[in-house]
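Below: one structure, written as structure tokens.
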Amino acid sequence: MTGQLDHIGIFVESLEKAIPFYQTVIGQGAPVIKEVPELGLRLAFFHRQGGLPVELVEASGKSEMRHGDVVVALEVDDLEAEIARLKAAGIKAYHQKPTKNLPLHRGWITKGDGHGTIVELCPKGEVERFVLGGAR
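Number 102 in the UniProt record's numbering belongs to position 102 of the sequence shown; there are no gaps in the numbering.
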């Protein structure tokens, strides 16, 4: 693991209601919107505000995440090695394979296993490439 934050995600009830608030708070224009219907997600990324990207997440599908939950996304150099390291330490870490509209292979520690915090493991640079239009 690189030990650095990749981004934070905030679960909201409605992107349409939340975006104006976060535009004002962050002081940035319109976010990059991504639709992921196969996972029941709509995402809004405030990408360049002088700090870490902020992702708003609207979930309509089945999820343990609720309005107000925060995802701490950590950057990893090698996702497979990091998941193996965490499992060896007794931490339940899971793979999330890419989907058609979310072409990122990521890892997760769920809210239940993460002491109330959702931890996302992101291969270095992948979220940025996805947001800017070209995840590999």
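Backbone N, C-alpha and C define an ideal beta-carbon position, used for all residues, glycine too. All of these numbers come straight from a predicted model, not from anything done at the bench.
Beta-carbon separation (whole angstroms), residue i vs residue j, contact threshold 8 Å
i, j, result
"TYR94", "VAL54", "Not quite, the Cβ-Cβ distance comes to about 24 Å (not below 8 Å), so this is no contact."
"GLU120", "VAL71", "5 Å"
"VAL127", "LEU104", "7 Å"
Backbone secondary structure at residue i - three-state DSSP
i, result
"ALA59", "strand"
"ARG129", "helix"
"LEU39", "helix"
"ARG136", "With a pLDDT of 40 at ARG136, under the threshold of 50, the predicted position of this residue should be treated as unreliable, and no value is reported."
"GLN96", "strand"
"GLY29", "coil"
"GLY107", "strand"
Beta-carbon proximity check, residue i vs residue j, cutoff 8 Å
i, j, result
"GLY112", "GLU64", "yes"
"HIS7", "ALA73", "yes"
"GLU58", "LEU15", "yes"
"GLU82", "GLY61", "no"
"GLU38", "THR110", "no"
"VAL25", "HIS67", "no"
"LEU56", "ILE19", "yes"
"LEU5", "LEU52", "yes"
Limits of the unbroken alpha helix (DSSP H) element including residue i
i, result
"PRO20", "15-26"
"GLU82", "79-88"
Endpoints, the beta strand (DSSP E) within which residue i is located
i, result
"GLU120", "118-123"
"ALA73", "70-76"
"ASP6", "5-11"
(message) Counting beta carbon pairs with one atom in the region 23-34 and one in the region 44-64, are three or more of them shorter than 8 Å?
(response) yes
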